[in-house]
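One structure below.
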Amino acid sequence: MSVLVFIDQADGQFKKSSLEAAAYGAAVAKAMGSKAEAVVLGNITEDAASLGQYGISKVFTAANATLDTVDAQVYTDVLAQAVEKSGADVIIFTNNSTAKAVAPRLSARLKAGLVAGAVALPEINGGFSVKKTVFSGKAFAHVNIETAKKIISLNPNSYHAAAGEAVTATVEAFEPAIKAGKVQLVSQNKISGEIPLSEAEIVVSGGRGLKGPENWGMIEELAKLLGAATACSRPVADVHWRPHHEHVGQTGLAIAPNLYIAVGISGAIQHLAGVNRSKVIVVINKDKEAPFFKAADYGIVGDAFEVMPKIIEAVKKLKGVA
Amino acid sequence: MKILVCISKTPDTTAKIAFADNNTKFAPEGVQWIINPYDEWYALVRAIELKEADPATVLHLINVGTADSDPIIRKALALGGEEAIRVNSDHADPYFIAAQIAAVAKEGGYDLVLTGKETIDYNGSSIGGMLAEILDLPYISHALKLDLQGSEVTTVREIEGGEETNKVSLPLVVSCQKGMAEQRIPNMKGIMGARSKPLKVVEPVAADTLTSIRNFEMPPAKAGVKLVDAEHPEELVRLLHEEAKAI
């Protein structure tokens, strides 16, 4: 009953959410009295053995340029070989774009029940049940996986990466048979220099209360000071004040940062659905009746244009920035 | 060219979520049902646009559900598509559902199968990928754009940290998200016409069930908001640093 963690990488670097998946996989293995191994596809610049810090005892690598881009069909084929090689019964992904393309295919290939969007360790007394978000964050479901092989896709920011116990990891280059993919890559356009919203620990978000895209400077400045990502509500994305990939909420991205700061967002139920798993929610709104205050931990009833500059000053002072 | 669009029935985005039978079932009382927004706004509308560009295109809809799905299927037909197929089953396991759609897609010889990127109830993002695997077809997930030239398809999809443009030949499975098309409102002609479009009901094929829902749980209620005076926002920064330890 061993565990195999798929470690997603970007430009040769392990993603933070993949390290969370590694630590989670190690914890699952420990609970089952087994070992956790990992698989990394494509060329990496990091030391694969460093995954030992998160409790991974063996890392399978396949440094093949074909695997530097994600073709769901090719990846599924290669990961199925990795699963066979490791003999794993439980396969862990971090629930990002790569996993959403690949994990369902692997599930169908291996007839392995998939829980996508897991937020906690499985309960393995007798059965095998995993807690996941449903109804876009408004509730949780405990899903039983009824097959011998199991796949869990763990939501980013749901499990602390440092929770693993360090072990010494061995690295094995496994040489999978790689079939030619049917999907041809034309171009990639990566947004550089920004913290991916799904992985951000702090998110500063703006809504219609900011009155126009020209007023986003204070959102961006606070985000930069806090090492945060920026986000927005749906109406703001709909009128193109901000790009669509910043839209958080029921029909946008669902996020679960440590701290979510909402400025000028009233907190419609659809918006709350996408952010209510944030650990700490701060709401700044001039309308004291804004529904968001009911879901908030801290709030300021006040005009964002007066409050935000003072917050930025206070954060600068805290961080020792002149 | 034959397109199949997968339509799921979900609670309205403003629906109050509650559970019944010792938290083992969704409580449907007072809930308004809609077509899953990703299926409707993006997959279906893009398919309709493709048919408008090439009227010879055959456009069919599929739903896996009970007769309770019929109203939302009719609503989808009011937007477009010649006919709908409903696989008569109340199963919730994604693999079982994907196997049903795969059986219909295979028999019908569809060139392009479109789904939404996820449903807003179970949020699994699973059906498209499973379907592609069962049919052994390429899969473009989370596509924001899809253009056709003969049997050549150009797509733009979301990848980690950005977007990627791909070329791929039909047949193909694509999951669709924002950017693909704009929401449409059905007109009276469409609504009237939808009543006479065929809605075929077929029984499910045998397929495995890989998962089941044990029970649901509501998130814990918040303790209540701590308000900070707007004249002293620096107090908020202090609380976030010292009390919440969030910055």
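Residue numbers (this note's numbering), protein chains in the order written: chain A, 12 to 333; chain B, 31 to 277. We put the beta carbon where it would ideally sit given N, CA and C, even for glycine. On a predicted model such as this, the values are computed, not experimentally measured, just so you know.
- The beta strand (DSSP E) runs of length 3 or more contained entirely in the region 243-308 of chain A are, from start to end of the chain, 270-274, 291-296.
- When the five nearest sequence neighbours on each side are left out, the beta carbons in the same chain lying within less than 6 Å of the beta carbon of B:Ser-38 are those of Asn-66, Asp-69, Thr-149, in order along the chain.
- Interface criterion not met: the Cβ of A:Phe-25 is under 8 Å from no Cβ in chain B.
- Within the region 188-200 of chain A, the residues whose Cβ lies closer than 9 Å to some Cβ of chain B are Gly-192, Lys-193, Val-194, Gln-195, Leu-196, Val-197, Ser-198, Gln-199, Asn-200, listed in chain order.
- Excluding the 5 residues flanking it on each side, B:Lys-230 has same chain C-beta neighbours closer than 8 Å at Glu-113, Ala-114, Ile-115, Arg-116, in chain order.
- Nearest C-alpha to B:Lys-55 among B:Ile-189, B:Leu-176, B:Val-204, B:Ala-122: B:Ala-122.
- Along the region 169-201 of chain B, going in chain order, the ones with a CB nearer than 9 Å to a CB of chain A are Tyr-169, Ile-170, Ser-171, His-172, Leu-174, Thr-184, Thr-185, Val-186, Arg-187, Glu-188, Ile-189, Glu-190, Gly-191, Gly-192, Glu-193, Glu-194, Thr-195, Asn-196, Lys-197, Val-198, Ser-199.
- Taking 8 Å as the cut-off, the Cβ atoms of A:Asn-107 and B:Glu-194 do not count as close.
- DSSP places B:His-90 in the strand class (E or B) of the three-state scheme.
- For A:Tyr-170, not one C-beta of chain B is nearer than 8 Å to its own C-beta.
- The alpha carbon of B:Glu-163 has as its nearest neighbour, out of B:Gly-180, B:Ala-48, B:Ala-128, the alpha carbon of B:Ala-128.
- At least 8 Å separates the CB of B:Leu-74 from every CB of chain A.
- Proximity of chain B to A:Arg-120 at the Cβ level (cut-off 7 Å) is accounted for by Glu-163, in chain order.
- In this structure, the CA atom of A:Ala-177 is about 9 Å from the CA atom of A:Leu-62.
- Its chain contains Phe-104, Ser-164 as the residues whose beta carbon lies nearer than 6 Å to that of A:Ala-110, once the 5 sequence neighbours on both sides are disregarded; these appear in chain order.
- Take the alpha-carbon of A:Pro-268 and the one of A:Glu-212: they are about 5 Å apart.
- In this structure, DSSP gives A:Ser-61 a helical state, which the three-state scheme calls helix.
- Membership of B:Gly-254 in any alpha helix (DSSP H) is not indicated, and neither H nor E is assigned to it by DSSP.
- According to the DSSP assignment, B:Pro-124 belongs to the alpha helix (DSSP H) that extends over 124-138.
- At a Cβ-Cβ threshold of 8 Å, B:Pro-168 and A:Val-194 count as neighbours.
- For secondary structure counted as the beta strand (DSSP E) over 3 or more consecutive residues, the region 50-137 of chain A holds these complete runs in sequence order: 69-73, 99-105, 124-129.
- Classified as exposed, B:Gln-213 has fewer than 16 neighbouring CB atoms from the shown chains inside 10 Å of its CB.
- The Cβ of B:His-271 sits closer than 8 Å to at least one Cβ of chain A.
- Here B:Pro-249 is actually not in contact with B:Ser-119; their C-beta atoms are around 30 Å apart, not less than 8 Å.
- Within chain A, no residue has its beta carbon less than 8 Å from that of B:Pro-228; the closest one is some 30 Å off.
- Taking 8 Å as the cut-off, the beta carbon of A:Val-326 is found no closer than this to the beta carbon of A:Leu-196.
- Contact between B:Ala-274 and A:Val-312 does not hold, since the beta-carbon distance rounds to 19 Å and is not under 8 Å.
- Rounded to the nearest whole angstrom, the CA to CA distance from A:Met-319 to B:Thr-185 is 41 Å.
- Note on A:Met-229: 16 or more other CB atoms within 10 angstroms of its CB, so buried under the neighbour-count rule.
- Taking 3 residues as the minimum length, the beta strand (DSSP E) runs contained wholly in the region 164-226 of chain B are 169-179, 182-189, 192-199, 202-206, in order along the chain.
- Only those residues of the region 127-150 of chain A whose C-beta falls short of 7 Å from the nearest C-beta of chain B are listed: Ala-127, Gly-128, Ser-140, Thr-144, Val-145, Phe-146, Ser-147, Lys-149, Ala-150.
- Residues of chain A whose Cβ lies closer than 9 Å to the Cβ of B:Asp-151 are, in chain order, Val-145, Phe-146, Ser-147.
- Interface flag for B:Pro-249 against chain A is set, since a Cβ pair is found closer than 8 Å.
- According to the DSSP assignment, A:Ser-147 belongs to no beta strand (DSSP E), since it is labelled neither H nor E.
- Secondary structure note for A:Arg-219: it is in no alpha helix (DSSP H), with a DSSP letter that is neither H nor E.
- Judged by DSSP secondary structure, B:Gly-146 falls within the beta strand (DSSP E) whose first and last residues are 142-146.
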